[in-house]
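Protein chains in written order, with the numbering used here: chain A, 642 to 938; chain B, 391 to 785; chain C, 764 to 916.
For every residue, glycine included, the Cβ atom is placed at its ideal position computed from N, Cα and C.
Input: a single structure, listed below in C-alpha cells.
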C-alpha cells in the first residue's frame with residue numbers, strides 16, 4: 642500500500658508544494674492541546690487532562706493505545722491513555738521520572754502541549770467478549786489498564802467474571818484510590834489490591850501481585866488476562882497465570898521500549914522483530930514470552 | 391519504483407548506445423529540466439556524492455581498493471568514469487537526510503503555536519546509482535512509504551528524484567551483491583541504466599531506459615540502437631564482475647541460525663573487537679535509525695525538533711527507566727547483525743543487507759560481517775552450497 | 764472423621780493426604796482463634812507450632828530501625844504460616860499478628876516432627892508440601908527484592 646506524494650512538476654518554481662499524501666498526513670507534527678487539569682496522584686505520579694486547542698473532540702482512540710506528548714522545548718514521551726474512551730477529554734497518568742515528565746508535572750491548566758497519536762495496538766476487549774477477564778496491574782501499569790476497565794464496564798454484560806488484581810509498592814503509591822474503592826463496592830467486579838510492603842495501618846494484602854493470582858475468582862480455562870506493569874512483573878505474572886491454567890494465547894501484555902517517532906521509522910522501540918510502537922504495545926503473551934525472558938534483547 | 395511517471399516502460403525497450411562525450415549533454419538536459427545532478431566526485435581521498443556541473447566533475451580514471459578497514463583510491467590505466475564500486479556515502483543522505491528539522495514551535499502569550507511545515511524538495515538526479523544502492527533505496531522505500539504510516543519528508547524527496555543507475559564492472563574487495571541477489575546488474579526501479587564500455591579505442595555507454603521519463607531523457611541527446619555485439623559485451627562485463635566479488639555470504643538458513651544462537655559465545659568474541667562506534671550504521675545504505683533532538687532558543691520562545699541519524703550501537707539507544715536495555719557491546723552488536731540479516735526478513739520480507747560491503751570497509755577494526763554470519767551458519771550445521779539468495783531484491 | 768480432621772482434609776495445604784495420615788496430623792492439631800492485632804508469635808521466640816489459616820488474615824512483620832514495624836507479607840484463607848519449626852534452631856525469624864479476627868488450625872511442631880521421623884511416608888508428604896510453599900514464597904520474595912516499582916537512577 643504505497644501512498645506517495647505526487648512529484649513536483651519538473652522545473653516548476655519551489656513555491657508549489659506537492660499534494661499531501663492520502664494517508665496519515667504529517668505524522669511527526671503534533672496537534673496542540675490545552676491542559677484542562679493537572680493533578681498529583683502520588684509523590685511521583687500525576688495525571689494530566691487534555692483537550693484539543695480550538696475545541697472539537699480528541700482523536701478517537703482505543704484502550705491500550707498511547708500518545709506522544711510534547712512539552713515545548715523539552716521533548717516528547719509516549720504515555721498510555723488512561724481515561725474513559727467515551728469522554729471527550731484525553732487523560733494521561735505518568736510518573737515524573739525524567740526531564741520531560743518532570744517539566745510536564747510543573748505545567749498548569751491552560752498550558753499548551755503537543756499531542757501525536759493515538760498509536761499502537763489496543764487491549765483485546767472484543768476478543769475477550771464471553772470470557773472471564775483477569776486484569777493484572779503492577780504500579781503505574783494500572784494507568785493503561787484503567788481505560789480497559791472502563792471499556793469492560795461499559796459493556797459489562799458481554800463478559801463473565803471480571804477481576805482486577807493490582808499490586809504496588811506501598812499504600813502511599815496506590816493510584817486512583819477513590820475510584821478503586823468505588824469499583825470495589827460494585828457487585829459485578831472484584832478488586833484485589835496488594836502492596837510490596839506495608840505499615841500496620843494498612844489492613845490489606847501485603848505481598849507481590851502474583852500472590853493474588855492463584856486465589857482470584859475466575860475460571861482459568863476460559864479467561865482472558867491483561868497484564869501491565871514493570872517488565873519483570875509481567876513475566877512473573879504471565880508465568881503464574883499459566884500455572885493456574887490460563888493459556889499463553891489468551892494472556893495479553895503491554896510492553897514498553899524507548900520511542901522517538903512512534904510510527905516505525907526511528908528503530909528505537911525494536912523488540913526482537915517487533916516495533917513496540919506499531920506491533921504493540923499490547924502483545925499476546927505467546928508472541929513475546931520467549932523474547933521477554935532473554936537478556937538485553 | 392516511485393513517482394507516477396516512474397512507471398516501468400513495458401515491454402523493456404531495446405538497449406541504446408551513446409558516446410561517453412554525450413554524457414555532458416545528458417547532464418545539461420537534466421539541468422534544463424530543473425534537476426540538480428548528484429554523482430560520485432573525488433574529495434578527501436574518497437569517492438563521495440556531490441553536486442556536479444558537468445561530466446568533467448566525475449572521477450575519471452580512478453578506482454578503489456577496499457578491504458576490511460581499508461579504503462584507498464588508485465589511478466586506473468583507462469579513463470573510465472565509473473570504474474569503481476561504492477564509497478562511504480550512501481544515497482540515503484539525500485532521501486533520509488542526516489539532519490532534518492521536523493517541527494518549529496513558538497511560545498507566545500496564548501501558549502504554544504507551530505510554524506508552517508517545511509515541504510519542498512528540489513528535483514534531483516542521482517547519476518551513478520549502483521545495483522546494490524538501487525536495492526537499498528527499495529529497502530528504505532519499504533520502511534518509509536509502504537507501512538501504515540508514510541514519512542512525508544522522505545516521500546517528497548523520493549518523488550523528486552530521478553535515478554540513473556550504472557552497472558558495476560569493477561566490484562571491490564568487500565563487494566558481495568551477488569550473494570544477496572542485488573547485483574551487479576541493476577534491477578528494476580531506475581529511470582535509466584547505463585553500462586560503461588571502454589576499449590578498442592571507443593568509450594561508450596549502453597543505455598537501458600527503465601521508465602518513460604528515462605526514455606525521454608535519452609531522446610534529448612544523440613544516441614543510436616545498440617548492436618547485439620555491444621549488448622553481449624556489456625553482458626560479458628557484468629558476468630565477469632559477478633565472478634570477481636570480493637566476498638560471499640551464504641544466506642540459506644542464516645535467519646534461523648542467527649536467532650537460534652542469540653546466546654552464542656561468538657557474540658562475546660566480536661564484542662571484544664567492536665568499538666561500538668557505529669561507523670557501519672552510518673555507512674550502511676539501508677540502516678534507517680534516527681533520533682529526535684529538541685532545541686530551544688536562549689530566550690525560550692522558539693523551540694525546534696530535529697531528526698538526526700542515530701545508531702543502535704549507542705548505549706542510549708535503548709534507554710528506558712534510568713537504564714538501557716542493551717548495556718553490553720555484545721548485545722548491541724548482536725542487535726545490529728540480527729536485525730540486518732534476520733529480523734529484517736520478519737519485518738519486511740527481504741534481507742536488510744544489499745551486499746555493498748561498506749560496513750566491512752569502514753569498520754575501524756575490520757570486522758567482516760560475512761565472516762561473522764558465516765561462523766553462525768557453520769555453527770548451526772547448515773550445509774550445502776547456497777546459490778545467491780533469491781530474496782535479495784528488485785531483480 | 765472428627766470435625767478437626769474434616770477441616771484439615773478440606774484445607775488446600777493438606778489436600779490429598781491419606782486418611783491415616785490425616786488422622787496422624789489431627790492428633791497434633793487444635794483450632795485457634797485470634798483477635799485483630801493479636802500476635803501469634805514474635806521474632807526470636809521458639810517455634811513450637813505452625814499454622815494453617817482457615818479464615819482471616821495474618822501479617823508477617825519485622826521491626827526495622829527507621830520505620831518500626833513493617834509488614835512484608837500477608838497470608839489468608841487456605842495459606843500455611845511458618846516453617847521455622849521444620850529446621851533447627853527452631854526459632855521464629857519474623858513476627859506474625861492477625862490483621863482481623865482469624866481462625867487457624869495450630870499444629871504442634873514437636874508432635875508433627877516426631878510423627879515425620881516415625882513414618883517416613885507421612886514425613887515425605889509433609890516435606891513435599893512445605894517445599895512447594897517455600898519455593899513459591901522464595902519466588903515471590905525475589906520479585907519483592909527486585910523492587911520493580913522503584914525508578915532506578
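Contact annotation: in the segment 897 to 930 of chain A, residues whose CB is within less than 8 angstroms of a CB in chain B are 897, 898, 899, 901, 902, 904, 905, 906, 907, 908, 909, 911, 913, 914, 916 and 919. Rounded to whole angstroms, the separation of the alpha carbons of residue 463 of chain B and residue 871 of chain A is 53 angstroms.
With a minimum length of 4 residues, the unbroken runs of alpha helix (DSSP H) contained wholly in the segment 864 to 890 of chain A fall at 872 to 885. For residue 827 of chain A and residue 695 of chain A, the gap between their C-alpha atoms comes out near 38 angstroms. In the three-state scheme derived from DSSP, where H, G and I count as helix and E and B as strand, residue 897 of chain A is classed as coil. When the Cα atoms are used, residue 607 of chain B and residue 439 of chain B turn out to be separated by approximately 22 angstroms.
Residue 904 of chain A and residue 760 of chain A do touch by the CB rule: their CB atoms are close to 7 angstroms apart, below 8 angstroms. At a cut-off of 9 angstroms between C-beta atoms, residue 898 of chain C does not count as an interface residue with respect to chain A. No Cβ of chain A is located within less than 9 angstroms of the beta carbon of residue 462 of chain B. Here DSSP, grouped into helix, strand and coil, assigns residue 708 of chain A to strand. For the segment 801 to 833 of chain C, residues whose beta-carbon sits nearer than 9 angstroms to a beta-carbon of chain A comprise 820, 822, 823, 824, 830, 831, 832 and 833.
In this structure, the alpha-carbon of residue 420 of chain B lies about 7 angstroms from that of residue 515 of chain B. Residue 473 of chain B: not part of any alpha helix (DSSP H); DSSP gives it neither H nor E. At a C-beta separation below 8 angstroms, residue 936 of chain A has no neighbours in chain C, since its nearest C-beta there lies roughly 14 angstroms away.
Beta bridge pairing from DSSP links residue 846 of chain A with A:835.
With its beta carbon at least 9 angstroms from every one in chain A, residue 485 of chain B lies outside the interface.
Between residue 803 of chain A and residue 847 of chain A, the CB-CB gap reaches or exceeds 9 angstroms.
Residue 904 of chain A: not part of any beta strand (DSSP E); DSSP gives it neither H nor E.
Residues 823, 824, 825, 857 and 907 of the same chain have their beta carbon placed closer than 8 angstroms to that of residue 835 of chain C, with the five preceding and five following residues left out of the count. By the Cβ test, the segment 530 to 546 of chain B is not in contact with the segment 555 to 567 of chain B, since fewer than three Cβ pairs between them sit closer than 8 angstroms. One alpha carbon belongs to residue 726 of chain A, the other to residue 868 of chain A, and they sit about 19 angstroms apart.
Judged by beta-carbon spacing, residue 751 of chain B lies within the 9 angstroms limit of residue 478 of chain B, meaning their Cβ atoms are closer than that value. Taking a beta-carbon distance threshold of 9 angstroms, residue 670 of chain A counts as an interface residue toward chain B.
Going by DSSP, residue 569 of chain B is part of no beta strand (DSSP E) but of the alpha helix (DSSP H) stretching over 567 to 570. B:508 is the residue among B:508, B:644 and B:544 whose C-alpha sits nearest the C-alpha of residue 494 of chain B. Of the candidates B:571, B:482 and B:620, B:620 places its Cα closest to the Cα of residue 590 of chain B.
With a threshold of 9 angstroms between beta carbons, residue 733 of chain A makes no contact with chain C.
Taking residue 909 of chain A as reference, the option from B:642, B:503 and B:706 with the minimal CA-CA separation is B:706.
One alpha carbon belongs to residue 485 of chain B, the other to residue 544 of chain B, and they sit about 6 angstroms apart. Fully enclosed alpha helix (DSSP H) runs of no fewer than 4 residues occupy 542 to 549 and 567 to 570 of the segment 523 to 582 of chain B, in order along the chain.
Contacts with chain A (Cβ-Cβ distance below 8 angstroms) from the segment 686 to 704 of chain B involve 686, 690, 693, 695, 697, 700 and 702, listed in chain order. Residue state for residue 749 of chain A is assigned as coil, using DSSP reduced to three classes. If the five residues before and after residue 517 of chain B are omitted, its C-beta is found closer than 6 angstroms to the C-beta atoms of 427, 429 and 554, all from its own chain and listed in chain order.
Less than 9 angstroms divides the Cβ of residue 677 of chain A from the Cβ of residue 690 of chain A. Collapsing the DSSP output to three states places residue 423 of chain B in coil.
DSSP places residue 723 of chain B in the uninterrupted alpha helix (DSSP H) bounded by 719 to 728.
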